[in-house]
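Worksheet: one structure, shown below.
In our numbering, the protein residues as written are 635 to 870.
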């Protein structure tokens, strides 16, 4: 199962979510590999650093370009139950790499903050997804509403954000579980050389565990449905 975290805008905690999912899947007993393509990430905020410090035994790959990626992805799919990729940002300048990555992905996860500047670029992401689906029609996409602030009206009732996302990208589905803003939990994890799902109880710890459990169920049901439809088509 190939999972990609993608967005054309930086600062949506894409790398942090990808890192936590890698470790969460590993702790659940799955064989996981990480792919770090986000050259814009730096220091202890990158997937490579976060996963490398938290669970050194998880292999991390950094393909140099789309050609190397094209060769690598099918090999990893045979070796590991899950690959988790942190896609490069700036979709206009990295379109070829993103398309190549999504051609080989089963799920693409798009984190967004509850801000118009983070939601409006979803139209660009959807265009890249549609192009990748020309060769990978079974590619599934999910939006994750992230960094909700319970002190604000939107944070307490994010329905307006849901409606805005549907208005801009009606074809994109949203995850039910949302992630509350919890800077202290992420900061503590970075200081300790870990990730949030490895730490103590916090809003982020609770939300990420619930989000990843929902995602795993979603993937099993969705991919199972795809397999059943393909089998029925082959028998007809």
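Even glycine gets a Cβ: it sits at the ideal position worked out from N, Cα and C.
Okay, do the region 652-670 and the region 750-762 touch, 3+ Cβ pairs below 8 Å being the bar? no
Taking 7 Å as the CB-CB limit, is residue 734 close to chain D? Looking at the structure shown, chain D is missing, and only one protein chain is on hand.
Using 8 Å as the Cβ pair cut-off and three pairs as the minimum, do the region 775-791 and the region 740-759 touch? Yes, they touch.
How should residue 734 be labelled, buried or exposed, when 16 other C-beta atoms within 10 angstroms of its C-beta is the threshold for buried? Classification of residue 734: buried, given that the 10 Å Cβ count is 16 or more.
Do residue 653 and residue 681 have their CB atoms nearer than 7 Å? yes
Put residue 742 into one of helix, strand or coil per three-state DSSP. strand
Which value, in whole angstroms, describes the spacing of the CA atoms of residue 637 and residue 719? Across the structure, residue 637 and residue 719 are spaced so that their CA atoms are roughly 6 Å apart.
With DSSP collapsed to three states, give me the class of residue 711. In the structure shown, residue 711 sits in a helix (DSSP, three-state: H, G or I).
Mind reading off the beta-carbon distance from residue 646 to residue 752? Whole number of angstroms is fine, and I expect it under 8 Å. Going by Cβ atoms, the distance from residue 646 to residue 752 rounds to 6 Å, so yes, they are a contact pair.
Just to confirm, are residue 737 and residue 765 a CB contact at a threshold of 7 Å? no
Do residue 643 and residue 755 count as a contact pair if the criterion is CB distance below 7 Å? For the 7 Å CB-CB criterion, residue 755 and residue 643 form a contact.
Residue range of the alpha helix (DSSP H) that residue 652 falls in? 648-661
Just tell me which of 832, 819, 789, 851 has its CA closest to the CA of residue 838. 819
What are the boundary residues of the alpha helix (DSSP H) that residue 751 is part of? 750-753
If residue 813 and residue 841 are in contact, beta carbons under 8 Å, what's the gap, nearest whole angstrom? Between residue 813 and residue 841 a beta carbon distance of about 4 Å is seen, short of the 8 Å cut, so the two are scored as contacting.
Taking the alpha-carbon positions, what's the residue 802 to residue 788 distance? 18 Å
Can you find the residues in the same chain that come closer than 6 Å, C-beta to C-beta, to residue 827, ignoring five residues on each side of it along the sequence? Within the same chain, 687 come within 6 Å of residue 827 by CB-CB distance, once the 5 residues on both sides are set aside.
Just to confirm the assignment, what range does the beta strand (DSSP E) spanning residue 775 have? DSSP places residue 775 in the uninterrupted beta strand (DSSP E) bounded by 774-779.
To which residues does DSSP link residue 766 through a beta bridge? Bridge partners of residue 766: none, in fact.
Find the nearest neighbour of residue 771 within the set 860, 650, 649, judged by alpha-carbon distance. 860
What is the DSSP secondary structure of residue 692, reduced to helix, strand or coil? Reduced to three states, the DSSP call for residue 692 is coil.
Under 6 Å Cβ to Cβ from residue 678, same chain only, skipping five residues before and after it: list those, please. The predicted position of residue 678 is uncertain, since its pLDDT is 49 and thus under 50; a value taken from the coordinates is nonetheless stated next. Cβ within range, chain order: 824.
Within 7 Å, strictly: CB atoms of residue 697 and residue 710: Result no, Cβ atoms of residue 697 and residue 710 do not sit closer than 7 Å.
Does the distance from the C-beta atom of residue 922 to that of residue 651 stay below 7 Å? This structure cannot settle anything about residue 922, because the visible part of the chain is limited to 635 through 870.
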